[in-house]
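Here's the structure, in structure tokens; my notes come after.
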Amino acid sequence: MKIGIIGSGRIGATLARLLVGVGHEVAVANRHTPETLRALHEELGSALHPSSVEEAARFGEVVVVSIPFHSINELPAPALAGKIVVDSNNYYPQRDGQVPALDRDETTSTELLADHLVGARVVKAFNTMYFVTLAQSGDRAKDESERLSLFVAGDDEEAKGIVAGVIEEIGFAAIDTGTLAVGGRRQQPGSDIYNTELTGAEARRVLGQ
Ligand SMILES: NC(=O)c1ccc[n+]([C@@H]2O[C@H](COP(=O)([O-])OP(=O)(O)OC[C@H]3O[C@@H](n4cnc5c(N)ncnc54)[C@H](OP(=O)(O)O)[C@@H]3O)[C@@H](O)[C@H]2O)c1
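Just so you know, we're using the working numbering here: the sequence shown kicks off at 12 and counts up by one.
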């Protein structure tokens with residue numbers, strides 16, 4: 012599959028390695044020029060395409076967004092319309108500034124992203140796991156119930172299924188937490204499944220599934 016990644020930091024670069032590792036073509040962008048991605052390009056070879064944000068957005072059937080939450084309104088909504096957009100972001104007021112609607116729990120960070128990206132098929136995933144665990148813990152040899160869990164929330168069942176398939180390819184259990192409103196809250200910082208290493212079986216128990 013062609014996958015775009017916007018953000019080449021801890022999560023973005025980790026996902027680039029994992030996704031190229033299982034055979035995807037990946038276009039990666041950051042805030043700077045594609046030349047700043049030379050080291051990652053040399054490491055991962057021709058399946059890794061250093062790109063501008065606009066290019067990565069247009070390249071991917073699936074586009075992962077791994078940037079600080081406070082930058083989401085800089086994303087190019089027209090280029091992402093119709094795309095499956097995977098939101099790995101979290102709202103941390105110390106980093107992102109206070110957002111009253113989130114502080115009052117009137118909405119979620121991923122719904123705010125979806126509001127900006129009109130027409131995108133937004134799925135929340137990859138936001139609950141520390142990047143080192145993400146880099147090291149996928150294990151395709153294990154049964155799903157024994158793999159560590161990554162979570163998917165979204166309102167578009169087909170998009171969520173495609174993202175779940177990618178999660179399984181890189182060796183994790185994909186656990187559906189529900190809609191963006193319900194599952195998005197279940198995946199937020201401070202929740203029972205956030206930054207906790209749970210197998211598929213344990214995650215289902217915690218979520219009452
Ligand atoms: N670190 C973790 O373990 C972890 C785990 C789960 C979720 N998360 C969440 O995932 C998101 C990314 O975290 P991270 O730790 O990977 O961050 P990071 O290491 O600080 O990397 C952030 C990346 O975003 C890029 N960026 C910032 N603003 C941008 C913009 N407007 N357009 C394009 N790219 C932009 C930066 O570009 P430059 O390189 O050019 O500066 C950088 O490559 C955050 O929301 C974080 O809360 C992090």
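The C-beta atom is built at its ideal place from N, Cα and C for all residues, glycine as well.
Quick caveat, the model's predicted, so the values are computed rather than measured.
Burial state of residue i, where buried means 16 or more other Cβ atoms lie within 10 Å
i	result
V129	exposed
Q57	Strictly speaking, residue 57 in this sequence is Ser, with Gln absent from that position. Exposed: under 16 other Cβ atoms inside 10 Å.
P89	exposed
R216	exposed
V33	exposed
A67	buried
T25	buried
For residue i, the first and last residue of its enclosing beta strand (DSSP E)
i	result
L187	According to the sequence as given, residue 187 is Asp; it is not Leu. Per DSSP, D187 belongs to the beta strand (DSSP E) from A184 to G189.
L59	L59 to P61
F142	Where F142 is concerned, there is no enclosing beta strand (DSSP E), although the alpha helix (DSSP H) it sits in stretches over F142 to Q147.
D154	From DSSP, D154 is part of no beta strand (DSSP E); its letter is neither H nor E.
F137	Here F137 belongs to no beta strand (DSSP E), and DSSP marks it neither H nor E.
V31	From DSSP, V31 is part of no beta strand (DSSP E) but of the alpha helix (DSSP H) over R21 to G32.
A164	S160 to G165
G15	K13 to I17
D98	I95 to D98
Distance between beta carbons of residue j and residue i, contact taken as under 8 Å
i	j	result
V76	D98	5 Å
G149	G182	3 Å
V64	P87	6 Å
V163	A152	Wrong, their Cβ atoms sit about 22 Å apart, outside the cutoff.
Host alpha helix (DSSP H) of residue i (start-end)
i	result
E36	First-last for E36: E36 to A40, but that is the beta strand (DSSP E), not the alpha helix (DSSP H).
I173	E168 to E180
L55	R49 to L55
7 Å Cβ cutoff met for residue i and residue j
i	j	result
R132	D187	no
I17	A50	no
N138	Q198	yes
I83	L113	no
I78	I173	no
R21	T119	no
G165	L145	no
Rounded separation between residue i and residue j - CA only
i	j	result
G189	K135	10 Å
V143	E117	32 Å
V110	P104	7 Å
Y102	P200	8 Å
S202	G194	11 Å
K171	S62	25 Å
A27	G219	32 Å
A184	I14	20 Å
Residue-level contact to chain B via CB, residue i, 7 Å cutoff
i	result
D166	In the structure shown, chain B does not exist; there is a single protein chain.
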